[in-house]
Amino acid sequence: MCRARRPLARLPPAARPGSAPASPAAQPGRLQPRGARRRRPVPGRVGPFVAGGRGCAGAGAPRLRALRGLRARRPGEAGRGRGCGRPSPPRSPGTYIGCFSDDGHERTLKGAVFYDLRKMTVSHCQDACAERSYVYAGLEAGVECYCGNRLPAMSVGLEECNHECKGEKGSVCGGVDRLSVYRVDELQLGSRKRRTATYRGCFRLPENITHTFPSSLIQANVTVETCSGFCSHKEFPLAIIRGWECYCAYPTPQFNLHDAMDSSLCGQDPEAQRLAEYCEVYQTPVQDTRCTDRRFLPNKSKVFVALSSFPGAGNTWARHLIEHATGFYTGSYYFDGILYNKGFKGEKDHWRSRRTICVKTHESGRREIEMFDSAILLIRNPYRSLVAEFNRKCAGHLGYAADRNWKSKEWPEFVNSYASWWSSHVLDWLKYGKRLLVVHYEELRRSLVPTLREMVAFLNVSVSEERLLCVENNKEGSFRRRGRRSHDPEPFTPEMKDLINGYIRTVDQALRDHNWTGLPREYVPR
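All residue numbers for the sequence shown refer to the UniProt record's numbering, where the first residue is 1 and numbers rise by one.
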């Protein structure tokens, strides 16, 4: 059976699932960095770490304190153990470099960022960074993974990286503002899955190439792979080729990739293309990190804003866009542990804390609506919303319902119940909402930057054009169903269509009556 959405899971912060456990530093002697060597015991120092309470000195030998006696392995150095014998070989071949300080405002590793608040492991972080062509992987606070190609000159003491990985007991995943850093470039030979550059199109060159493209490489017979590799190493998300010239850049107002030209204009031989005013643009595996920093509001918000939608209308995706555009976390009327574990940190904050830029809700009804001062009302085609929510119920955020689910009695019961909710949700918010911004999911997908600019202005946040373009470059996020089913069913019977089309007409007219434009043309039946 498909899992029904639980309507209310509002818990005080202390009672919320996934509350932070006691720091693993309480037993620091159990932790050791992957690839680190043990030292021979020295006079006056506690001996090698003990397994099960027994060390080289026999039963009762004291436990090692906070990684004492460990040092980073030098590149190419074998991981031989001393004292108690050989340590267990690391399951992932990345070389441990050391413990480094990190600053939330100026990251040590400036590449991609990943979170897993339940299952983060050293191997998971290393593989994620290697697949994106990064040289270094750094783990922080047990749950965060950072990637990059450059390290600072100075490290800190190994004992300052004392947090255990959430998904791997006994392994070190940094500390508070501390990174456990590994070199993972040797993994990249087997990590081709995401390393291929993606063709973005043929574009007209900007007027000032030197100013717009910060890094360049001139090389005879330059290839896409060469240029993409060069720009990946420089941590740029775009690789641009014109003849023998390779340039690296970010999307900017001067080069925003919104006006693609005919690809044939870039299909000339290198010498002719070098003299032309067009260039080929490729997306490198490197993430655009200009918009990945997020935090809670420094002061409680005076305006309590809802991000309201019917289930399956793209609320999680809209939260991803808002968080990366504004730099502030979004909250939720509910608690979804999966979203929290993947980096939506506002999910665990109490929904009335006012520390988040807006609060997700699927609720309708006068009392629930009037608690908010204003709201972004996100509307999606009900046919698409119903299918998306049924998929989520049956197979989670990223899965698809099985054929047996569509053929069972659950599906028609679901449509009969939820189709009316799609309509009443919009009607209630139009009736009781104090201040609204109506956003159509389809328009957000078609015209992301203009629509998102309108949304952040409604939230009273000033955002640079560069940051919006960064969001556009990272627009999908982590909670989009990838690809399509091998065959997409046509689940709606004629009776279902008649029912849904009636609700579409009702909502379309209600929007017009409240001085909003009606529903997009693809909603309205003809």
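Even for Gly, the Cβ is constructed at its ideal location relative to N, Cα and C. Remember, it's a predicted structure, so these values are computed and weren't measured experimentally.
Minimum C-alpha distance to S374 - residue among A306, K342, D349 and H425
Of the listed residues, the one whose Cα sits closest to S374 is A306.
Please name the residue, chosen from K110, H320 and H425, that lies closest to A137 on a Cα-to-Cα basis.
For the residues K110, H320 and H425, the minimum Cα distance to A137 belongs to K110.
Do the segment 111–120 and the segment 340–350 make contact, defined as three or more Cβ pairs closer than 8 Å?
The segment 111–120 is in contact with the segment 340–350.
Pull up the distance between the alpha-carbon of A318 and that of N221, whole angstroms please.
In a straight line, the C-alpha of A318 is about 43 Å away from that of N221.
Going by other Cβ atoms of all chains shown within 10 Å of its Cβ, with 16 needed for buried, is E207 buried or exposed?
It is exposed - the Cβ of E207 has fewer than 16 other Cβ atoms within 10 Å.
Using only the alpha-carbon positions, how far apart do A197 and Y282 sit?
C-alpha separation (whole angstroms): 6 Å.
So who's on the other strand from T361, going by DSSP bridges?
S308.
Between which two residues does the beta strand (DSSP E) carrying T95 extend?
Note, T95: beta strand (DSSP E), T95 to S101.
Beta-carbon separation of Y146 and T108 under 9 Å?
Contact flag set, yes.
Let me check one thing: in DSSP terms, what residues is R295 bridge-paired to?
DSSP, once it has assigned bridges, lists F328 as partnering R295.
Residue ranges of each alpha helix (DSSP H) within the UniProt domain "WSC" (196–291), 4 or longer
Entirely contained in the UniProt domain "WSC" (196–291), the alpha helix (DSSP H) runs reaching 4 residues are, in chain order, 209–212, 224–233 and 270–275.
Is it buried or exposed, R295, if we count other Cβ atoms within 10 angstroms and call 16 or more buried?
Burial call: exposed.
For D498, collect the residues of the same chain with a Cβ closer than 7 Å to its Cβ; drop the 5 residues on either side in sequence, then sort them by chain order.
A distance below 7 Å between beta-carbons, with the five flanking residues on each side excluded, links D498 to no residue of its chain.
By the three-class DSSP mapping on this structure, what secondary structure does G346 have?
In this structure, G346 counts as helix in the three-state DSSP scheme.
Straight-line Cα distance separating E495 from T517
In this structure, the CA atom of T517 is about 28 Å from the CA atom of E495.
Taking only three categories from DSSP, how would you classify R521?
DSSP places R521 outside both helix and strand once states are collapsed to three, so it counts as coil.
Which partner residues does V438 have in the DSSP bridge list?
The partner list for V438 (beta bridge, DSSP) reads L377.
Please classify K407 as buried or exposed, where buried requires at least 16 other C-beta atoms within 10 Å of its C-beta.
Label assigned to K407: exposed.
If you count every other CB in all the chains shown that lies within 10 Å of the CB of E401, and 16 or more means buried, which is it?
Residue identity check: residue 401 is Ala in the sequence provided, not Glu. Buried, since its Cβ has 16 or more Cβ neighbours within 10 Å.
Does DSSP put K169 in a helix, a strand or coil?
DSSP places K169 in strand when its eight states are reduced to three.
Please classify D403 as buried or exposed, where buried requires at least 16 other C-beta atoms within 10 Å of its C-beta.
It counts as exposed.
Can you tell which of D102, C266, L436 and V463 has the C-alpha that lies nearest to the C-alpha of E370?
Selected option, being the one with the closest Cα: L436.
Would you tell me roughly how many angstroms separate the C-alpha atoms of E144 and E347, rounded to the nearest one?
So the two alpha carbons sit approximately 16 Å from each other.
Extent of the continuous beta strand (DSSP E) to which R178 belongs
Looking at the DSSP string, the run of the beta strand (DSSP E) that includes R178 is R178 to R183.
Quick check: what's the CA-CA separation for E465 versus T252?
Distance between the alpha carbons of E465 and T252 is about 8 Å.
Go ahead and label Q126 buried or exposed: buried means 16 or more other beta carbons lie within 10 angstroms of its beta carbon, across all protein chains shown.
Q126 should be labelled buried.
Separation of Y432 from residue 605, as counted between CA atoms:
Since the first residue shown for the chain is 1 and the last is 526, residue 605 is missing from the structure and cannot be characterised.
Between C173 and D262, is the Cβ-Cβ spacing less than 9 Å?
No.
What's the call for V303, buried or exposed, on a 16-neighbour Cβ count within 10 Å?
Exposed, by the Cβ-count rule.
9 Å Cβ cutoff met for S308 and W422:
Taking C-beta atoms as the reference points, S308 and W422 fail to come closer than 9 Å.
Leaving aside the five residues before and after V184 along the sequence, list all residues of the same chain whose C-beta is less than 6 Å from its C-beta, in chain order.
These residues qualify, in order along the chain: G94, Q126, C129, A130 and A137.
Cβ neighbour criterion (16 or more within 10 Å) applied to P62
Residue placement at P62 is poorly supported in this model, since its pLDDT is 29, which falls under 50; the coordinates are not used for a value here.
Please name the residue or residues paired with residue 605 in a DSSP beta bridge.
An answer regarding residue 605 cannot be provided, because it is not within the stretch 1 to 526 covered by the chain.
Contact set for P13: own chain, Cβ-Cβ below 6 Å, skip 5 residues either direction:
The predicted position of P13 is uncertain, since its pLDDT is 42 and thus under 50; a value taken from the coordinates is nonetheless stated next. H350.
Based on the DSSP secondary-structure assignment, which residues constitute the bridge partners of V139?
Looking at the sequence itself, residue 139 is Leu, so the reference to Val does not match. When DSSP reads this structure, L139 sits in a beta bridge with C145 and S180.
Work out the CA separation of G331 and T292 for me, nearest whole Å.
Taking the straight line joining both Cα atoms gives about 17 Å.
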